[in-house]
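Each remark here refers to the structure printed beneath this line.
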Amino acid sequence: MQYKVLFKRCLLAIVVMFVVTSLQAQREMKTINDNWEFRKSIDESWESVNLPHTFNIDAYQQRNYYQGKGFYRRTLVLPEIVAERRYYMKIDAASKAANIRVNGKEVGSHVGGYTACIVDITEYIRKENLIEITVDNGRKDITPISADFTFWGGIYRDVWLISTPKQHFNMSNMGSDGIFISTPVVNEKRGVLKVKCEVTNDSHESSILEVRSAIYSPQGKLLQTIKQKQKLKSGETYIFENTSGAIESPDLWSPETPSLYLVKTTLVDPKSGKLLDEKNHKVGFRWFTFDGSKGFFLNGKSYKLRGLNRHQDQAPAGVALDDEAHRRDIFLMKELGCNFIRISHFPQDDAILEMCDELGLLAWEEIPIINIVPNTPGYDDNCEYNLREMIRQHYNHSSVITWGYMNEILLTAPSIGKPEWLACKERTVNLAQRLEAVLKEEDPGRASVMAFNMTNLYNEIGLNLVDVVGWNLYHGWYVDKLKDFNAWCEDQHRRYPDQPMIISEWGAGSDKRLHSTQGRAFDFSIEYQQTYIEHYLPFIENTEWISGCAYWNFIDFNVAARQESMPRVNNKGLAYNNRIWKDVAYYFKAMWRKDIPVIRIASRDWEMRTGEINKPQSIKIYSNMPEVELFINGQSIGCQKIANCHTVFNVILPEGISVLMAQGIKNGKTVQDAMTIQFKSLPNIAEGDELAINVGSNCYFTSDISNLTWLPDQPYTAGGWGYIGGKAHSTTSEIYNTLDGPIYQTWREGNWSYKIDAPIGEYEIELLIADVTKPAAQLANLLNKNKEEKHSGETRFHISICGKQVETNFSPIDGGKHRTAFKRRYIIRNEHDHIVISAGAVKGEPFLAGIKVRKL
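Heads up, the sequence shown is in my numbering, so the first residue is 5 and it goes up one at a time.
Written out as structure tokens, the structure is:
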């Protein structure tokens, strides 16, 4: 009995020792995101931070955000250092360049702000270590150098500590894991996997090593194991290539059925059977083609790509987001009905493509060469390096179908005829040819793509060398009319009938504070964005030779240099930056989700309204059902047919809060949507209401500070109020010292006056003005919209209210500040049943941006 106990104890000890030895023999990974310190300058004190981290929260407050170096450090204590192991540090992203030091010694550097790097720290570490990383988001030899987004600086993705045995999968292949899986044969009947695996022997002796790849079905069944054995010399990296046998009738991967096979690749010592290293990958069997006449095909069937572009920032964290935030975004897109994503304009967190694989979103990924190719030493080499990195790091994601490398690359190029044009054209075409060759060398199985903007010059100079042309088109926003979008696409197809085409960007801005019953381009009303989208999407959906689209953008995202109605925001998103959908997102859902009934009262973005009592209000419904019925406070308003996935009810809303309910029937099931809406009658000055006039604007503007609604401008009619004379103007320049910028971005100019019929009495009258005689410099992305209407020099004028001159020889820039909010209140006695506000020119033409009137 005693021997049996002793035997069991010995056996247990052997098992424990074996388990510990096995664990030590395998790869170990952990994040080291905690307990870092950061500072921007050696003169600053260190602050405690955790990763992910960005030092550009200033991009939310100012155009000229910090671009330069940032310094990170932390102490890393290792419980032990095993002599038979290698140690690495992986940085998932640091913008735009990183220099890494361990215990005072430089161990590596990296160029590129959106791809990962791995550095070997084996020879530099001890039990207690000082890790120092210097990043720089101001480098001009690293793309991007010019773009319509913020170049967030910092270590804004994870940092990993990785330990492996001395025999391991290659850790020095551009941040990849050294394993590349392809499907050289794939169709409905059979699929074949090829596993290319790089193995490094860092031991001092030659070793016989074996690579095994076990392939499991989506249901978890082991299908086959492929093996290869090879002797590696000390210090050698060897490429193992294994091809599977046929997998019969494979489950095909598609957005509707994202079936993934597990490939479990292990490195073993064949003599002892000891596991040395292991990596798992999920792979889908799918094939695709782009056709100039027929569009896109997936797994042999015609398939329309339906997607969004995605920028990655979210206030107040910038781009320093945890993985669950990235995963959440893919869930949201999928729920909307997307089957495609353009990952714009740079490689994003691994969590994005992992979820695209898992949930089923086809992906276009690209490196951020944008606007112009500069004549900067080292720039082209860095672009090539970043392209190779992106492809190798994300090669195994079946969701990726296209690699891209240029976006609107002629946007800021010199005009044809200028001396600099020829050199710029040559640089651009040469780099494109170089990168196209690199792309096909790295991955001939996927399509190359480039995004052009609204000029045929791209085709004329030879940039249509890619497999697929993406068009960024904004007719009806930056240029021309909505119908010109259709004409442009049709003209391109006539000229280049064999060139596959995708609409890679299209969009219009919207600001929840702005609403119009007569929306127009660049008024930033919620309603015009809807009109714009309702025109574009049916044409894309119904045009066979357009492969699909990616709407610009998934979210309202940060652009520090943007101005417009919401400074530092590109507000073309289908969702606000906090990921709450705008009403118009449900138009996409109604169009794209045929598998479920969709009904949405599209008034959440305008749930507080002001208007005339007994004058109809428009209530839009988005739906994919044949017809919908609308109820107000329980009373049916009637049924209306759905066309182009929407209908508009013109209804009389009672003053106060009402309950709206819409319902439809699909497949015998009743589906409903409900919301409350608040309707307020137009202000009655005699009863003490404030009258606020959004001078020069066609929009209602509701301040999110005061909730006061400023009414659209209108000509004077007896018994009401309005302008007499003058001309309306607008600007996209940012207005300083106010949170209600849109009020100041429109104005009336020239020989104007305002007449407001009001009872005799004392009034408080507030006038709002901003001087834009020197418009601010705009981003090139605004195209001809950045050609501001300019005044002729300095403007000075008198202002009179009710016959009393309240300002003499006045200019709002007497303080020396252009584009700055000026507002001043006056107490005036009205003796004539009407208030008249007028201006007299002294120099230039008088202008006025807003009027607010309150009876005392």
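Idealized CB from N, CA, C, for every residue including glycine.
Check your understanding: Quick one: what's T147 bridged to in DSSP?
Key -> Taking the first residue of the sequence shown as 1, we reach residue 147 at position 143. Note: T147 sits in no beta bridge, so no partner.
Find out if the Cβ-Cβ distance for the pair A594, V602 is shorter than 8 Å.
On the sequence shown, residue 594 is found 590 positions in, with the first residue counted as 1. On the sequence shown, residue 602 is found 598 positions in, with the first residue counted as 1. In contact: A594 and V602 (Cβ atoms closer than 8 Å).
Q) Helix, strand or coil for G387 per DSSP? A) Taking the first residue of the sequence shown as 1, we reach residue 387 at position 383. Position check: residue 387 holds Cys in this sequence, whereas Gly was assumed. In this structure, C387 counts as helix in the three-state DSSP scheme.
inquiry  = Looking at the strands, I want to know which residues DSSP matches up with P746.
reply    = As a working note, residue 746 is residue 742 in the sequence shown. DSSP lists no partner for P746.
Residue from N785, R392, H802 and I839 whose Cα sits closest to the Cα of I927:
Outside the shown range of the chain (5 to 860) lies residue 927, about which nothing can therefore be said.
Check the C-beta distance from L82 over to H172 and give it rounded, since I have them as a contact under 8 Å.
The residue you call residue 82 lines up with position 78 of the sequence shown. The residue you call residue 172 lines up with position 168 of the sequence shown. In fact, because the Cβ distance is near 18 Å, the residues do not count as touching under 8 Å.
### Task
For the region 365-379 and the region 275-285, state whether three or more C-beta atom pairs, one from each stretch, are separated by less than 8 Å.
They do not touch, by the three-pair rule.
Query raised in the report: Hey, A579 and V632: beta-carbon distance below 8 Å or not?
Result: Numbered from 1 along the sequence shown, position 575 holds the residue referred to as residue 579. Numbered from 1 along the sequence shown, position 628 holds the residue referred to as residue 632. Between A579 and V632, the C-beta gap is not smaller than 8 Å, which leaves the two residues out of contact.
Within 10 angstroms of the Cβ of H33, are there 16 or more other Cβ atoms? Answer buried if so, exposed if not. Taking the sequence shown and counting its residues from 1, one reaches residue 33 at position 29. Residue 33 is actually Met in this sequence, not His. Its Cβ having fewer than 16 others within 10 Å, M33 is exposed.
Check T432 in the structure and name its three-state DSSP category.
-> Translated into positions along the sequence shown, residue 432 becomes position 428. The answer is helix: DSSP assigns T432 an H, G or I state.
**Asked** Which residues mark the beginning and the end of the beta strand (DSSP E) in which I530 is found?
**Response** Numbered from 1 along the sequence shown, position 526 holds the residue referred to as residue 530. Segment I530 to N546 is the alpha helix (DSSP H) holding I530; no beta strand (DSSP E) there.
Next on the checklist: What does the alpha-carbon distance come out to for the pair N546 and F489?
Outcome noted: Residue numbering aside, residue 546 sits at position 542 when the sequence shown is read from its first letter. Residue numbering aside, residue 489 sits at position 485 when the sequence shown is read from its first letter. Those two C-alpha atoms are separated by around 14 Å.
| task | Can you tell me which of the three DSSP states W156 falls into? | result | As a working mapping, residue 156 is identified with position 152 in the sequence shown. Looking at W156 - three-state DSSP - the assignment turns out to be coil, as it is neither helix nor strand.
### Task
Find out if the Cβ-Cβ distance for the pair K109, Y128 is shorter than 8 Å.
Locating residue 109 in the sequence shown gives position 105, where the first residue counts as 1. Locating residue 128 in the sequence shown gives position 124, where the first residue counts as 1. A Cβ-Cβ contact shorter than 8 Å links K109 with Y128.
* Asked: Is the region 34-41 touching the region 151-169 in the sense that three or more CB pairs, one from each, lie closer than 8 Å?
  -> yes
Rounded straight-line distance, which links the Cα of T119 to that of S210 | Reading the sequence shown from its first residue, position 206 is the one you call residue 210. Reading the sequence shown from its first residue, position 115 is the one you call residue 119. C-alpha separation (whole angstroms): 33 Å.
>> Judging by CA-CA distance, which residue of S403, Q718, G513 and H208 is the nearest neighbour of M289?
In response: Residue numbering aside, residue 289 sits at position 285 when the sequence shown is read from its first letter. Correcting the residue type first, residue 289 is Phe in the shown sequence and not Met. The residue with the shortest Cα to Cα distance from F289 is S403.
- request: May I ask you to report which of helix, strand or coil DSSP gives N755?
  value: Here residue 755 is taken as the residue at index 751 of the sequence shown, counted from 1. DSSP places N755 in coil when its eight states are reduced to three.
Is DSSP giving I334 helix, strand or coil here? On the sequence shown, position 330 is the one that residue 334 refers to. In the structure shown, I334 sits in a helix (DSSP, three-state: H, G or I).
Decide if the region 633-653 is in contact with the region 687-700; the criterion is three or more beta carbon pairs, one per stretch, under 8 Å apart. no
Rounded to whole angstroms, what is the Cα-Cα separation between R833 and I769? Start at 1 with the first residue of the sequence shown, and residue 833 comes out as number 829. Start at 1 with the first residue of the sequence shown, and residue 769 comes out as number 765. Between R833 and I769, the C-alpha separation is close to 10 Å.
Would the region 394-408 and the region 443-451 be scored as touching if the rule is three or more Cβ pairs under 8 Å? yes
From E792 to K268, what distance separates their C-alpha atoms?
As a working mapping, residue 792 is identified with position 788 in the sequence shown. As a working mapping, residue 268 is identified with position 264 in the sequence shown. Because the pLDDT of E792 is 49, which lies under 50, any placement of that residue in the model is unreliable, and the number read from its coordinates should be weighed accordingly. When rounded, the distance between both Cα atoms is 60 Å.
Coil, strand or helix - E494 by DSSP
As a first step, residue 494 is located in the sequence shown; it is residue number 490 there, counting from the start. Helix.
Excluding five sequence neighbours on each side, which residues of the same chain lie with their C-beta closer than 6 Å to the C-beta of A843? Here residue 843 refers to the residue found at position 839 when the sequence shown is read from its first residue. Same-chain partners within the cutoff: F801, I803 and P850.
Report buried or exposed for S710, applying the criterion of at least 16 other Cβ atoms within 10 angstroms of its Cβ.
Your numbering for residue 710 matches position 706 in the sequence shown. Looking at its Cβ environment, which holds fewer than 16 other Cβ atoms inside 10 Å, S710 is exposed.
_Can you give me the C-alpha to C-alpha distance between M612 and A696, rounded to a whole angstrom?_
Position 608 of the sequence shown, counted from the start, is the residue given in the question as residue 612. Position 692 of the sequence shown, counted from the start, is the residue given in the question as residue 696. Near 16 Å, if we compare the C-alpha coordinates of A696 and M612.
Note down the Cα distance separating N575 from D560, rounded to an integer number of angstroms.
Along the sequence shown, one-based indexing puts residue 575 at 571. Along the sequence shown, one-based indexing puts residue 560 at 556. So the two alpha carbons sit approximately 4 Å from each other.
Next on the checklist: Classify R604: buried if its beta carbon has 16 or more other beta carbons within 10 angstroms, exposed otherwise.
Outcome noted: Residue mapping note: residue 604 aligns to position 600 of the sequence shown, counting from 1. Under the 10 Å beta carbon count, R604 is surrounded by 16 or more other beta carbons and is classified as buried.
* **For K268, the three-state DSSP class (helix, strand or coil)** => Here the question's residue 268 lines up with position 264 in the sequence shown. DSSP places K268 in strand when its eight states are reduced to three.
Rounded to the nearest angstrom, how far is the Cβ of S221 from that of L227, given a contact under 8 Å?
Taking the first residue of the sequence shown as position 1, residue 221 is located at position 217. Taking the first residue of the sequence shown as position 1, residue 227 is located at position 223. Correct: roughly 6 Å between the Cβ atoms.
- prompt: Roughly how many angstroms lie between the CA atoms of I855 and I760, to the nearest whole one?
  reply: By one-based count along the sequence shown, residue 855 stands at place 851. By one-based count along the sequence shown, residue 760 stands at place 756. Here the C-alpha atom of I855 lies approximately 11 Å from the C-alpha atom of I760.
Taking the beta carbon of G638 as the centre, do at least 16 other beta carbons fall within 10 Å, making it buried, or is it exposed?
Mapped onto the sequence shown, residue 638 falls at position 634. It is exposed - the Cβ of G638 has fewer than 16 other Cβ atoms within 10 Å.
Beta-carbon proximity list for N813, same chain, < 6 Å, skipping 5 on both sides: Locating residue 813 in the sequence shown gives position 809, counting from the first residue. Answer for N813: R800 and V846, listed in chain order.
Beta-carbon contacts of M629 that lie in its chain and below 8 Å, excluding the five residues immediately before and after: By 1-based counting over the sequence shown, the position of residue 629 is 625. Here the set comprises P601, V602, I603, I646, G668, I669, K670 and V675.
Name the DSSP bridge partner or partners of C553?
-> One-based indexing of the sequence shown puts residue 553 at position 549. According to DSSP, C553 bridges with R310 and I507.
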